[in-house]
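Numbering (this note's numbering), first residue to last: 50 to 546.
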């Protein structure tokens, strides 16, 4: 969730200083974008994967600090980039960036499996097991308290800042197949969510096109990739993660909501014109939550021929939760670069499912971004957001709107319109045809069987509910989920009888 923090309290002086530094970062970035010095020679990609820890009873296991301690004692720690996430039952794996061509997907698969194996070996020493799932279906409301947050200053300060900004408890009210309405005095319920983030490095000139293409694709991604139907024993949306994230980190009071103040978790409100446009929106609309200033003067660094890290801009950007996020960073080669971070999809169910989702996204987003007739010029922005919300609610059964077609079954849109684009886009990346066909074949099979992670969870819980209550059905489903995932077979091949 971004850079670490050092302070435990912030003053009004800290806030004034931070806002000034943030404006200076934005001004410097504007100068940098016109310089031609951004690293855009190669379209590097990246993956971040969040995971949950569960115990033998399939409940949340609050052992991430112990798992990290075991990793630190082993040689694996040098090979595996792992860090804590919001909840003590969450971890995040970070993959080194790489090209998709020349075996990129095979390399990702090998490294992800290796990383998960190494982490799981240490997790088992704590009585825990790993699971890749969008929302942890066995989490109880009583487990989602401030005490369950990771022992990490950033998360503690973020929690305090959000609760202070609201001036009240957080209400979570999700109406899906069933209704969930609970109150919480911390952001801990958000830790029920685990996701996968895909990164693609692009030039400043192409950034807006790739960003808008990612926005267009968000709904279709969830049609085939939803994996989060349950929260606190309640059957909600196909991708409940979307609604939970929007509500559990909402800094607005009831009065500010009524006034139409923008939420920090949002899709946006218009098509992007440039990366600077998005960063300026962040600064203009969202008060700082972690106003921690650094000694760097970005303008002076740039004027003297260096590359500024823009720490205030990056820290603020990490507290504005766009479903597609702009990213500024400085690479190991010392050159600045821009990335589009796609944050729409849940984790899991398996490594190969994650990579199939990535293949679909990367191939389709490239073709849409490089089209001579951009689809977003023929789609109202609000329709793209409606597509995302419809897919989050209904998953594999969602309907989507597309220019030249109108409202259509989401599976049909993916199968007949977007998958052909994904095949061509992966060819442009130089992906090996065998890798391309294997991964996109998984998306085709999900469309054919109408089976994704969410659909499998729902069908399996219903089967178990024939002989036991919801709570036990969820536990049995999750145990079965973990066993199936250990076979490495994609979710559409899992038995639902």
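Glycine residues also receive a C-beta, built at the ideal position from the N, C-alpha and C atoms.
This structure is a prediction, so every number in the text was calculated from the model and none was measured.
Three-state secondary structure (DSSP) of residue i
{"i": "residue 541", "result": "helix"}
{"i": "residue 236", "result": "coil"}
{"i": "residue 450", "result": "strand"}
{"i": "residue 61", "result": "helix"}
{"i": "residue 315", "result": "strand"}
{"i": "residue 275", "result": "coil"}
{"i": "residue 242", "result": "strand"}
{"i": "residue 482", "result": "helix"}
{"i": "residue 344", "result": "coil"}
{"i": "residue 284", "result": "strand"}
{"i": "residue 463", "result": "helix"}
{"i": "residue 477", "result": "helix"}
{"i": "residue 520", "result": "helix"}
{"i": "residue 255", "result": "helix"}
{"i": "residue 294", "result": "helix"}
{"i": "residue 430", "result": "helix"}
{"i": "residue 493", "result": "helix"}
{"i": "residue 501", "result": "coil"}
{"i": "residue 321", "result": "coil"}
{"i": "residue 69", "result": "helix"}
{"i": "residue 209", "result": "helix"}
{"i": "residue 355", "result": "coil"}
{"i": "residue 51", "result": "Note that residue 51 scores a pLDDT of 45, beneath 50, so its modelled location is shaky and nothing firm can be said."}
{"i": "residue 215", "result": "helix"}
Residue i burial status per 10 Å Cβ neighbour count (16 or more: buried)
{"i": "residue 60", "result": "exposed"}
{"i": "residue 299", "result": "buried"}
{"i": "residue 386", "result": "buried"}
{"i": "residue 352", "result": "exposed"}
{"i": "residue 382", "result": "exposed"}
{"i": "residue 427", "result": "exposed"}
{"i": "residue 495", "result": "buried"}
{"i": "residue 154", "result": "buried"}
{"i": "residue 200", "result": "exposed"}
{"i": "residue 454", "result": "exposed"}
{"i": "residue 324", "result": "buried"}
{"i": "residue 114", "result": "exposed"}
{"i": "residue 284", "result": "buried"}
{"i": "residue 232", "result": "exposed"}
{"i": "residue 431", "result": "exposed"}
Sheet register partners of residue i (DSSP bridge)
{"i": "residue 390", "result": "248, 374"}
{"i": "residue 99", "result": "141"}
{"i": "residue 223", "result": "229"}
{"i": "residue 132", "result": "141"}
{"i": "residue 198", "result": "136"}
{"i": "residue 147", "result": "94"}
{"i": "residue 109", "result": "103"}
{"i": "residue 379", "result": "385"}
{"i": "residue 395", "result": "244"}
Own chain, CB closer than 7 Å to residue i, minus 5 neighbours either side, in chain order
{"i": "residue 321", "result": "257, 260, 261, 327"}
{"i": "residue 335", "result": "313, 369"}
Contact set for residue i: own chain, Cβ-Cβ below 6 Å, skip 5 residues either direction
{"i": "residue 442", "result": "286"}
{"i": "residue 50", "result": "Only weak support is given to the placement of residue 50: the predicted model assigns it a pLDDT of 39, under 50, and the value that follows is read from those uncertain coordinates. Closer than 6 Å at Cβ, skipping near neighbours: 367."}
{"i": "residue 187", "result": "107, 108, 523, 524, 527"}
{"i": "residue 169", "result": "179"}
{"i": "residue 143", "result": "97, 130"}
{"i": "residue 485", "result": "475"}
Neighbourhood of residue i by C-beta, 8 Å cutoff - its chain only, sequence neighbours within 5 removed
{"i": "residue 491", "result": "401, 402, 405, 539, 541"}
{"i": "residue 546", "result": "512"}
{"i": "residue 535", "result": "none"}
{"i": "residue 72", "result": "332"}
{"i": "residue 269", "result": "413, 436, 440, 449, 459, 462, 463, 467"}
{"i": "residue 294", "result": "239, 242, 314, 370"}
{"i": "residue 88", "result": "250, 380, 382, 384, 385, 386"}
Alpha helix (DSSP H) segment containing residue i, residue limits
{"i": "residue 455", "result": "It is not in any alpha helix (DSSP H) - residue 455 instead sits in the beta strand (DSSP E) that spans 455–458."}
{"i": "residue 362", "result": "360–366"}
{"i": "residue 187", "result": "No alpha helix (DSSP H) contains residue 187, which DSSP labels as neither H nor E."}
{"i": "residue 113", "result": "113–121"}
{"i": "residue 170", "result": "153–173"}
{"i": "residue 83", "result": "Element bounds for residue 83: n/a, residue is neither H nor E."}
{"i": "residue 414", "result": "400–418"}
{"i": "residue 191", "result": "Taken as a continuous stretch (DSSP letters only), residue 191 belongs to no alpha helix (DSSP H), as it is neither H nor E."}
{"i": "residue 547", "result": "Here the chain covers residues 50 to 546 and nothing more, so residue 547 does not appear."}
Run of the beta strand (DSSP E) containing residue i, from where it starts to where it stops
{"i": "residue 178", "result": "178–180"}
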